[in-house]
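Chemist: Got a structure here, written out as structure tokens. Questions coming.
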Amino acid sequence: MLCDITYEQGEVVAVTPREFGAFNDCSIRRPDANKISEKKNWGPASKGVSERMFPLTGLEQGGYIDQFRIASFHKRGEQVTLYGEDCSVSGYTYFYKTLTDWVCQQMNEQQDAGPKENIKQLLVDANYPEQVLLAVGATRYTPYGESNFLERGDVSMVVVYDNQLYTPQQIAHFALTDQLEQRGIASVVQTVY
22 MLCDITYEQG EVVAVTPREF GAFNDCSIRR PDANKISEKK NWGPASKGVS
72 ERMFPLTGLE QGGYIDQFRI ASFHKRGEQV TLYGEDCSVS GYTYFYKTLT
122 DWVCQQMNEQ QDAGPKENIK QLLVDANYPE QVLLAVGATR YTPYGESNFL
172 ERGDVSMVVV YDNQLYTPQQ IAHFALTDQL EQRGIASVVQ TVY
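If you're matching positions, the sequence shown starts at 22 in the numbering used here and goes up one per residue.
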């Protein structure tokens with residue numbers, strides 16, 4: 022989700038979502054990693070955001086975003102398998118105002134402790150950016166996703182789609198046949214190097 026940030030006297034007072042799309046922030050198992058960022062930023066092209074973003078005029082229950090779903094797929098060779106459960110974008114535990122309030126709080130108060138980092142200091146170091154790209158979270162893994170891990174040459178696909186236009190079965194077919202460039206679909210398709 023692309024969000025505007027509003028500051029007052031160095032404090033984040035509002036996080037306002039403006040657009041949303043697909044985002045790939047897959048992590049890898051790194052026993053030596055001390056921070057979440059070390060697990061998330063593990064190499065070149067370890068992140069990705071869809072070229073297509075959908076506009077948001079608000080983040081309220083019953084709004085435009087509620088008609089979207091998210092799914093992820095794993096391609097190894099010619100086999101494409103659902104990796105993360107296909108679910109409603111708005112189905113996350115923290116969403117709507119709960120999400121934006123929590124993000125504001127974390128940006129202002131989260132300390133550098135354990136796997137977490139001082140977000141406020143990161144914002145200062147970045148000269149108080151006007152916008153941030155917020156990764157809301159991943160879907161639950163399917164049984165396949167729990168037991169299969171990305172390898173070199175695999176293809177990762179994260180798909181956000183309008184459920185008023187497509188069914189989960191149609192999206193799975195588009196993933197299998199490399200036809201995700203459709204109206205009402207935002208996708209990130211990346212090969213693991």
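Cβ atoms here follow ideal geometry from the backbone N, Cα and C, with glycine treated the same way. Please read these numbers as outputs of a predicted model, since none were measured by experiment.
DSSP on residue 74, reduced to helix/strand/coil?
Modeler: The answer is coil: DSSP assigns residue 74 none of H, G, I, E or B.
Chemist: With distance defined between alpha-carbon atoms, name the residue in 92, 101, 138, 126 nearest to residue 112.
Modeler: Per the Cα distances, 92.
Chemist: If I'm right that residue 102 touches residue 94 with Cβ under 8 Å, what's the distance once you round it to whole angstroms?
Modeler: The Cβ separation is near 7 Å, so the contact holds.
Chemist: Considering Cα atoms alone, identify which of 124, 129, 69 is closest to residue 30.
Modeler: Comparing Cα-Cα distances from residue 30 to each of 124, 129, 69, the minimum goes to 129.
Chemist: Pick helix, strand or coil for residue 129, following the three-state DSSP scheme.
Modeler: Helix, per DSSP.
Chemist: Could you tell me the boundaries of the beta strand (DSSP E) in which residue 191 lies?
Modeler: Where residue 191 is concerned, there is no enclosing beta strand (DSSP E), although the alpha helix (DSSP H) it sits in stretches over 189-197.
Chemist: Would you say residue 156 and residue 25 are within 7 Å of each other, going by their C-beta atoms?
Modeler: No, Cβ-Cβ distance for residue 156 and residue 25 is not below 7 Å.
Chemist: Compare the C-alpha of residue 81 against each of 123, 58, 75, 116 and name the closest.
Modeler: The candidate whose alpha carbon is nearest that of residue 81 is 116.
Chemist: Please classify residue 180: is it buried, with 16 or more other beta-carbons within 10 angstroms of its beta-carbon, or exposed?
Modeler: Buried, since its Cβ has 16 or more Cβ neighbours within 10 Å.
Chemist: With residue 91 as the anchor, note down where its beta strand (DSSP E) starts and where it stops.
Modeler: From DSSP, the beta strand (DSSP E) with residue 91 extends over 89-97.
Chemist: If you count every other CB in all the chains shown that lies within 10 Å of the CB of residue 206, and 16 or more means buried, which is it?
Modeler: It is buried - the Cβ of residue 206 has at least 16 other Cβ atoms within 10 Å.
Chemist: Does the Cβ-Cβ distance between residue 77 and residue 136 come in under 7 Å?
Modeler: In this structure, residue 136 does not lie closer than 7 Å to residue 77 by Cβ.
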